[in-house]
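Input: a single structure, listed below in C-alpha cells.
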Amino acid sequence: MSEATLLTYDGLAPDEEGLREALTSTGNGYFCSRGAAEWEDADDRHYPGTYCHGGYNRETTIMGGRPVLNEDLVNLPNWLVLKLRIEGEDAVRLDNVEVLEYRHEYDARFAVVSRTLRFRDRGDRETTLRSRRFVSMAHVHQAAIEWTVTPENWSGRLEVVSALDGRVTNWGVARYSALEGRHLDPVSPRTFGPEVIALKVKTRQSDMFVAEAARTRMFGGTEQLSPERSLYQMEDYIQQVLAVDARAGETVRTEKIVAFYTSHDRAINEPLGNAGASAARYPDFATALASHEAAWEEVWRQCDVVVPGDDRVQQLLRLHISHILQVCSRHTVEQDAGVPARGLNGEAYRGHVFWDELYVYPFLNFRVPAITRGLLRYRYRRLGEARAAAAEQGLRGAMFPWQSGSDGTEETQVVHLNPLSGQWEPDLSHNQRHVNAAIFYNIWHYFQATGDLEFVR
C-alpha cells in the first residue's frame, strides 16, 4: 500500500477541533471513540465521545408543556483520560502552556491516531509529549494508548493521571441541547490489583450495563518502572496517579491498555468482571499494536481500492474506506447493528439508522458481503414492528421507520428545532416512506452480488 494514508494537521486551529476529532475517530465495528486528545475534557471545542452499536437509551424532556420522548446513541464513559502533571503543578493543558510544536495525525491504514506536543510551562521547563492510540481490530474488546514524555531541560517529579470517567452526558450537538442528555447511572468503580482500575455504569432506561477497565504501566527504556500509585474514586469516576522521578533527556513511556464490555456481549459472565480480567491479561502496547496492524492488513487485502496517479484522491478514498470499516467490520456481523447515519463518530441524528446504508452496501457487497448480511438482519429483526406500523395506518405489508434505533419503532422527533427561527416546530420527516424502497433495494442488490438465496428466503 502506498503512503497516501496519513491525515495530518500541523498547528492548532481551535475552531476546527470538532471536525478534526470526528475525522480522526478510531473504532473496530463494535465501539468507536472520537479523536480528542487524552488530556482534553469536554467543552465547547473538544468532545471525547465513545459509542457502541446498540447503545441506545430513551429519556423524556418537557417541551412546550408536554413530555417528548427521545432515544439517543449514548455517550459512554471516557476511557481516554490521561493527564500530565509536572512537579505537582496543574495538569498540562493547551491553554496553560506555551505550545512550541503541535501535530495531530490519523493513519487510515491502521486506524491509529497520534499527536506530538512540545511545550514550555510556566516554570520554563520544556517537554515533548507524544501519543498513539487505537481501538483494536484484532481483539474486539481492546483499546490501547501509549504516551512518551521527554523532559528536555529539567529533572523532577512527573505524574500521569489515568482515569475512567462516567460523568459524561450527551451534549455534543448544539441543536439537541434542550433535550435530556443524561443517560447513565453509576453502578460501581473497582480495582483489580494494583495496576487495573475499572468502572461500571448503566443506561437509565434501557438497562444496558457498560464496563471499562484500564491497566496503566510506566517504562524507562525497556525497563518497567515501579511508580508511586495513588487512587481516587467516586461512584462514577476512578483514577490512578502514577508518579516517578524523571531526568532531563530520558523518556518515560506510559501504556494504558483498556477493555470495553457491555451486557449485550456474548460469551461473558458479567461486564465488569470480564473487563477487569481482560485488562489484566492483555499484552503490552507493542504486541497489541502488531496484532491490530496485522488485522488491518488483512482488511485492506479485501477492501483496498487503488487510484493510480492521484495521491489526493487516493488519500481521501482510503480515509472514507477506513471510516466505513471502523463502523462496519467483521466484528459487526454477529451484533444487532445497523448503519447509523453518522457512523459511531458522534451524536448527530442521535445515532439513528436512516436509509444512508444504501450508499455503504455496494462497497461491502463485493468485498465482505458477510458484513452486509449481518447489517441487513438488523432490518429483518424489526420486521414485526414494521408490520405493526403499517397495520396502524390501515396498510398492508411493512412500513419501516424513517429513524430507527433500538427496536424498530419510529424514533423521529415529534418536534424539531428550526435553526433559522430558533423555534420548535412539528417534525414531519417521518413521512419519508422511501426508506421502504431503499431497504428492498439493499436486499435485492445484496442478492444480485452474492446469489445468497437462503438469506432472501
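In terms of this note's numbering, the sequence shown opens at residue 1 and continues consecutively. A virtual CB, placed ideally from N, CA and C, is assigned to each residue, including glycine.
Beta-carbon proximity list for residue i, same chain, < 6 Å, skipping 5 on both sides
{"i": "ASN436", "result": "PHE400"}
{"i": "THR150", "result": "THR128, THR251"}
{"i": "LYS202", "result": "ASP185, VAL187, PHE209"}
{"i": "HIS331", "result": "ASN28, GLY29, TYR30, VAL140"}
{"i": "GLU293", "result": "PHE110"}
{"i": "SER25", "result": "CYS32, ARG34, GLY35, ASN345"}
{"i": "MET137", "result": "ASN28, HIS292, ALA295, TRP296"}
{"i": "LEU117", "result": "TYR102, LEU129"}
{"i": "ALA288", "result": "ALA144"}
{"i": "VAL135", "result": "THR26, GLY27, ASN28, ALA143"}
According to DSSP, residues forming a beta bridge with residue i
{"i": "GLU126", "result": "ARG120"}
{"i": "MET137", "result": "The partner list for MET137 (beta bridge, DSSP) is empty, contrary to what the question assumes."}
{"i": "LEU164", "result": "ILE238"}
{"i": "GLN448", "result": "Answer is none; GLN448 lacks a bridge partner."}
{"i": "ARG103", "result": "ASP10, THR116"}
{"i": "SER206", "result": "Beta-bridge pairing links SER206 to no other residue."}
{"i": "THR26", "result": "SER33"}
{"i": "THR150", "result": "THR128"}
{"i": "ILE86", "result": "LEU158"}
{"i": "ALA471", "result": "Nothing can be reported for residue 471: it is not among the residues displayed for the chain, which extend from 1 to 457."}
{"i": "MET63", "result": "ARG66"}
{"i": "ASN57", "result": "ASP72"}
Pair within 8 Å by beta-carbon distance, residue i and residue j
{"i": "GLY397", "j": "ALA390", "result": "yes"}
{"i": "ASP41", "j": "ASN170", "result": "no"}
{"i": "TYR102", "j": "LEU179", "result": "no"}
{"i": "SER233", "j": "SER162", "result": "Ser is not the amino acid found at residue 233; the sequence shown has Gln there. In this structure, SER162 does not lie closer than 8 Å to GLN233 by Cβ."}
{"i": "ASN463", "j": "GLU357", "result": "A query on residue 463 cannot be resolved here, the shown segment of the chain reaching from 1 to 457 and no further."}
{"i": "SER329", "j": "GLY29", "result": "yes"}
{"i": "GLY199", "j": "GLU212", "result": "One point to set straight first is that residue 199 is Leu, not Gly, in the sequence displayed. Cβ distance < 8 Å, so LEU199 and GLU212 count as in contact."}
{"i": "GLU38", "j": "SER131", "result": "yes"}
{"i": "LEU84", "j": "VAL74", "result": "no"}
{"i": "HIS264", "j": "PRO362", "result": "no"}
{"i": "HIS46", "j": "GLU17", "result": "yes"}
{"i": "HIS183", "j": "GLU59", "result": "yes"}
{"i": "ARG350", "j": "ASN70", "result": "yes"}
{"i": "TYR237", "j": "ASP310", "result": "no"}
{"i": "VAL414", "j": "GLU425", "result": "no"}
{"i": "LEU375", "j": "VAL339", "result": "yes"}
{"i": "ARG66", "j": "PRO419", "result": "no"}
{"i": "VAL244", "j": "CYS303", "result": "no"}
{"i": "HIS53", "j": "ALA348", "result": "no"}
{"i": "LEU23", "j": "LEU7", "result": "yes"}
{"i": "ARG190", "j": "LEU80", "result": "no"}
{"i": "GLU146", "j": "ALA248", "result": "no"}
{"i": "PHE455", "j": "ARG373", "result": "yes"}
Reference residue i, options the options, closest by Cα
{"i": "LEU88", "options": "LEU242, THR61, ALA138", "result": "Looking at the sequence shown, residue 88 is not Leu but Gly. That would be LEU242, whose Cα lies nearest to the Cα of GLY88."}
{"i": "GLY49", "options": "ASN78, PHE119, ARG109", "result": "ASN78"}
{"i": "ARG301", "options": "ALA288, ASP310, ARG318", "result": "ARG318"}
{"i": "ALA4", "options": "LEU453, GLN315, ASP356, PHE209", "result": "GLN315"}
{"i": "THR254", "options": "ARG20, GLN403, TRP39, LEU82", "result": "LEU82"}
{"i": "GLY417", "options": "LEU117, ASP310, SER177", "result": "The sequence given here has Leu at residue 417, not Gly. Per the Cα distances, SER177."}
{"i": "THR216", "options": "ARG167, ARG229, THR222", "result": "ARG229"}
{"i": "ALA36", "options": "ARG190, ASP95, ASN345, ASN70", "result": "ASN345"}
{"i": "ARG433", "options": "VAL368, ASP452, TRP355, ARG377", "result": "TRP355"}
{"i": "PHE119", "options": "VAL99, MET137, ASP10", "result": "VAL99"}
{"i": "VAL97", "options": "HIS104, GLY123, LEU80, LEU76", "result": "GLY123"}
{"i": "PHE219", "options": "ARG204, GLU235, ALA286, GLY181", "result": "ALA286"}
{"i": "GLN224", "options": "GLN423, ASP284, LEU272, VAL168", "result": "ASP284"}
{"i": "ARG266", "options": "ALA370, LEU364, VAL333", "result": "VAL333"}
{"i": "ARG133", "options": "LEU364, THR372, THR148", "result": "THR148"}
{"i": "GLU235", "options": "ARG457, GLY221, VAL168", "result": "VAL168"}
{"i": "TYR282", "options": "GLU195, GLY394, VAL299", "result": "GLU195"}
Same chain, Cβ closer than 8 Å to residue i, five either side skipped, listed in chain order
{"i": "GLY193", "result": "ALA280"}
{"i": "SER278", "result": "HIS141, GLN142, ALA213, ALA259, TYR261"}
{"i": "VAL458", "result": "As displayed, the chain neither begins before 1 nor continues past 457, which places residue 458 out of reach and without an answer."}
{"i": "PHE366", "result": "ALA449"}
{"i": "ILE268", "result": "TYR261, ASN274"}
{"i": "LEU453", "result": "PHE447"}
{"i": "ASP90", "result": "ASN96"}
{"i": "ARG20", "result": "TYR9, ALA13, GLY35, HIS104"}
{"i": "VAL353", "result": "GLY338, VAL339, PRO340, ALA341, TYR378, GLN403, SER404, GLY405"}
8 Å Cβ cutoff, residue i in contact with chain D
{"i": "TYR176", "result": "Protein chain content of the structure displayed is limited to a single chain, and chain D is not contained in it."}
Own chain, CB closer than 7 Å to residue i, minus 5 neighbours either side, in chain order
{"i": "LEU428", "result": "none"}
{"i": "GLU385", "result": "ASP407, GLY408, THR409"}
{"i": "ILE439", "result": "ARG379, PHE400"}
{"i": "LEU383", "result": "ALA398"}
{"i": "PRO227", "result": "MET218, LEU242, ALA243, VAL244"}
### Message
Assess contact between the segment 257-265 and the segment 152-159, defined as three or more Cβ pairs (one per stretch) separated by less than 8 Å. Is contact present?
### Response
With a cut-off of 8 Å, the segment 152-159 and the segment 257-265 do not count as touching, because too few Cβ pairs lie within range.
### Task
Say whether the segment 104-111 touches the segment 316-325, bearing in mind that this needs 3 or more beta-carbon pairs closer than 8 Å, one atom from each stretch.
Judged by Cβ distances under 8 Å, the segment 104-111 makes contact with the segment 316-325, as three or more pairs qualify.
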